[in-house]
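The sequence shown: position 30 = 30 (UniProt numbering), numbered continuously. Don't be surprised by glycine CBs; every beta carbon is placed ideally from N, CA and C. One structure below.
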Amino acid sequence: MAMQSPSSSSSFSYGFTYQVFLSFRGKDTRDGFTGNLYKALIDKGIHTFIDDNELQRGDEITPSLVKAIEESRIFIPVFSINYASSSFCLDELVHIIHCYKTKGRFVLPVFYGVDPTHVRHHNGSYGEQLTKHEERFQNNKENMERLHQWKMALNQAANLSGYHFSSGYEYKFIEEIVKYISNKINRVSLHVADYPVGLHSRVQQVKSLLDKGSNDEVHMVGIYGAGGLGKSTLARAIYNFVGDQFEDICFIHNVRENSTQNNLKHLQEELLLKTVGLDIKLGDVSEGIPIIRERLHRKKILLILDDVDKLKQLQVLAGGFDWFGAGSTVIITTRDKHLLNSHEIKDMYAVEGLYGTEALELLRWMAFKNNKVPSNYEAILNRAVTYASGLPLAIEIVGSNLFRKSIEEWKYTLDGYEKIPNKEIQKILKVSFDALEEEEQSVFLDIACCFNGCRMTEVEEILRAHYGGSMTHRIQVLSEKSLIKIGYFEQSCFCSVTVHDLIKDMGKEIVRQESPKAPEKRSRTYIC
Numbered sequence: 001m002a003m004q005s006p007s008s009s010s011s012f013s014y015g016f017t018y019q020v021f022l023s024f025r026g027k028d029t030r031d032g033f034t035g036n037l038y039k040a041l042i043d044k045g046i047h048t049f050i051d052d053n054e055l056q057r058g059d060e061i062t063p064s065l066v067k068a069i070e071e072s073r074i075f076i077p078v079f080s081i082n083y084a085s086s087s088f089c090l091d092e093l094v095h096i097i098h099c100y101k102t103k104g105r106f107v108l109p110v111f112y113g114v115d116p117t118h119v120r121h122h123n124g125s126y127g128e129q130l131t132k133h134e135e136r137f138q139n140n141k142e143n144m145e146r147l148h149q150w151k152m153a154l155n156q157a158a159n160l161s162g163y164h165f166s167s168g169y170e171y172k173f174i175e176e177i178v179k180y181i182s183n184k185i186n187r188v189s190l191h192v193a194d195y196p197v198g199l200h201s202r203v204q205q206v207k208s209l210l211d212k213g214s215n216d217e218v219h220m221v222g223i224y225g226a227g228g229l230g231k232s233t234l235a236r237a238i239y240n241f242v243g244d245q246f247e248d249i250c251f252i253h254n255v256r257e258n259s260t261q262n263n264l265k266h267l268q269e270e271l272l273l274k275t276v277g278l279d280i281k282l283g284d285v286s287e288g289i290p291i292i293r294e295r296l297h298r299k300k301i302l303l304i305l306d307d308v309d310k311l312k313q314l315q316v317l318a319g320g321f322d323w324f325g326a327g328s329t330v331i332i333t334t335r336d337k338h339l340l341n342s343h344e345i346k347d348m349y350a351v352e353g354l355y356g357t358e359a360l361e362l363l364r365w366m367a368f369k370n371n372k373v374p375s376n377y378e379a380i381l382n383r384a385v386t387y388a389s390g391l392p393l394a395i396e397i398v399g400s401n402l403f404r405k406s407i408e409e410w411k412y413t414l415d416g417y418e419k420i421p422n423k424e425i426q427k428i429l430k431v432s433f434d435a436l437e438e439e440e441q442s443v444f445l446d447i448a449c450c451f452n453g454c455r456m457t458e459v460e461e462i463l464r465a466h467y468g469g470s471m472t473h474r475i476q477v478l479s480e481k482s483l484i485k486i487g488y489f490e491q492s493c494f495c496s497v498t499v500h501d502l503i504k505d506m507g508k509e510i511v512r513q514e515s516p517k518a519p520e521k522r523s524r525t526y527i528c
């Protein structure tokens, strides 16, 4: 039987059992507000979980209820006068906040007849009820820790934006909540990857950057690395993972390509349409800047700009932190770290390659649609992973090209790739090379063909003798565009210049194409 595909993970998609989970104190609101809210959600076609077994509850939350929480997309805790008197409700809330923090789930607190500050700071009835729990738990270390978790969960939930009802027409209040939830669940998720191997840990690492500072700050985070490492895939996963936490969301794909083909003003128009629903035709990018700033500076939005390669693109789409409302997040993917520095983005995530067991797992899924393969394929699979050198794009292309092929066909194909690089892989990698100035291109080809793995000082000295002037800046540009890496070896106390194997092959192929049949006519000879 085939193993379950890693693509089945709900972390990066909206494949939930329940769209909404209601947490409430039954004796306060079951037959009134919460019951009416539940009916309104169901009437709107929103699949909602409500616990019908309150009379059978014990003191601790049941495994089936934990499962329902984990399989829900949006949580609505209804904080009423006696909510904190229930150990069951408080345990529920702890699990809800855990899903909010670790899985990007959305929590919409509703304060029904209670002051939000009482929930947040444990005053009023909430303070009284927590004190009773504390008296009951005295001399029980485990339960005192449980009480601490309850207090933390109440504080964290009450710090989130929500709805407060103290007077007025209850049915209008419910209509407002249902409309808000309906808009959330009607958002379309992005396809992330057929086989999102290794994505979860990377998403968590980026999320740790998003969680820095206060909830009211505007965050800008850069994701950078060479072509084919999966920057766009990671950005799509984050979009699905945290999108529900924002008022409006916008993912602008392929900024590099689209700004060339359609002009930057069309990307500004796309941003305004997706976030505030403004359908406008701009005459020039200078018209779009004040409109974007005016319309978005009060909104909490998630904006992802994918594959940025020019500073101008950032200046007209996300020109400053003051363009966006409190709590907004802007994520930029690029091959060029220098762009992020130039835009004063301090929080950056360098995408690393896929190696070892993760690389093998992805290759198995691509080539066999299964993570279990015949044992006689293991050696050739390891050879293919070595060829890919950690580049997910290369693993996917090799795997799909060799789907259901024999071992002999695998050997033949890999032999060919090692002589003449795969065109699909080369096309992606060459984008960074094409963006270089002419002399920078020449320096890169020198390093790729002749100086890979050499000491930085030696490379600079040789190239300076050939080109004249300092080489430090040119080499730094190549590093910032993820074409080379500069590594420091503490034991030897020197820096070395290295090139990823497939990027090195790309450079050699550029030189080979200068004269495919007459090597002596090429500009360089391969040394490394």
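Neighbour flag for residue i against chain B, beta carbons, 9 Å
i, result
"Phe24", "Checking the listed chains, one finds no chain B in this structure; it contains a single protein chain."
Residue i, DSSP secondary structure in three states
i, result
"Tyr349", "strand"
"Ile425", "helix"
"Phe241", "helix"
"Thr131", "helix"
"Thr17", "coil"
"Phe368", "helix"
"Thr48", "strand"
"Gln268", "helix"
"Lys517", "coil"
"Thr525", "coil"
"Asn263", "coil"
"Phe433", "helix"
"Gly416", "helix"
"Ala326", "coil"
"Glu60", "coil"
"Leu391", "coil"
"Tyr126", "helix"
"Val373", "coil"
"Phe321", "helix"
"Phe246", "coil"
"Ser8", "At Ser8 the pLDDT is 44, less than 50, meaning the model places this residue with poor confidence and gives no usable figure here."
"Leu354", "coil"
Residue i to residue j span [Cα, whole Å]
i, j, result
"Glu175", "Ala40", "8 Å"
"Phe106", "Gln245", "5 Å"
"Tyr355", "Ser389", "8 Å"
"Pro116", "His164", "8 Å"
"Gln56", "Ser182", "At Gln56 the pLDDT is 46, less than 50, meaning the model places this residue with poor confidence; the figure from the coordinates comes in the next sentence. Whole-angstrom Cα-Cα distance: 32 Å."
"Ser515", "Phe451", "21 Å"
"Asn155", "His121", "7 Å"
"Tyr349", "Ile332", "10 Å"
"Val78", "Ser23", "6 Å"
"His297", "Asn376", "59 Å"
"Ile81", "Gln129", "10 Å"
"residue 539", "Arg295", "Residue 539 is absent from the model: the chain starts at 1 and stops at 528."
"Ile97", "Lys337", "35 Å"
"Lys207", "Gly327", "14 Å"
"Gln307", "Lys427", "The sequence given here has Asp at residue 307, not Gln. Between Asp307 and Lys427, the C-alpha separation is close to 15 Å."
"Asn240", "Leu463", "46 Å"
"Val385", "Leu414", "11 Å"
"Gly288", "Leu267", "10 Å"
"Gly487", "Gly222", "21 Å"
"residue 537", "Pro374", "It is not possible to answer for residue 537, since the shown part of the chain is limited to 1 through 528."
"Gly283", "Lys265", "8 Å"
"Arg236", "Asn370", "24 Å"
"Ala226", "Leu65", "44 Å"
Beta-ladder partner(s) of residue i, from DSSP
i, result
"Phe251", "Ile304"
"Val221", "Ile331 and Asp347"
"His164", "Phe111"
"Leu22", "Ile76"
"Phe106", "Ile74"
Residue interval of the beta strand (DSSP E) (run including residue i)
i, result
"Ser406", "That residue, Ser406, is in no beta strand (DSSP E); it is neither H nor E in DSSP."
Residue interval of the alpha helix (DSSP H) (run including residue i)
i, result
"Ser88", "With the sequence shown as reference, residue 88 is identified as Phe, and Ser is not the correct amino acid for it. From DSSP, the alpha helix (DSSP H) with Phe88 extends over Ser87 to Lys103."
"Val66", "Pro63 to Glu70"
"Arg120", "Pro116 to His121"
"Ile380", "Glu378 to Ala388"
"Phe33", "Phe33 to Asp43"
"Ala84", "It is not in any alpha helix (DSSP H) - Ala84 carries neither H nor E in the DSSP assignment."
"Asn341", "Lys337 to Ser342"
"Glu145", "Lys141 to Ala158"
Inset, instruction - Go through the region 271 to 319 residue by residue and report every complete run of the alpha helix (DSSP H) that reaches 4 residues or more, in order. - result: Fully enclosed alpha helix (DSSP H) runs of 4 or longer: 285 to 296 and 311 to 317.
Legend entry - Ranges of the beta strand (DSSP E) found wholly within the region 167 to 230, counting only runs of at least 3: For the region 167 to 230, whole beta strand (DSSP E) runs of length 3 or above, ordered along the chain, are 219 to 224.
Inset, instruction - May I have a chain-ordered list of the alpha helix (DSSP H) segments no shorter than 4 residues that lie completely inside the region 440 to 502? - result: You should have 456 to 467 and 472 to 480.
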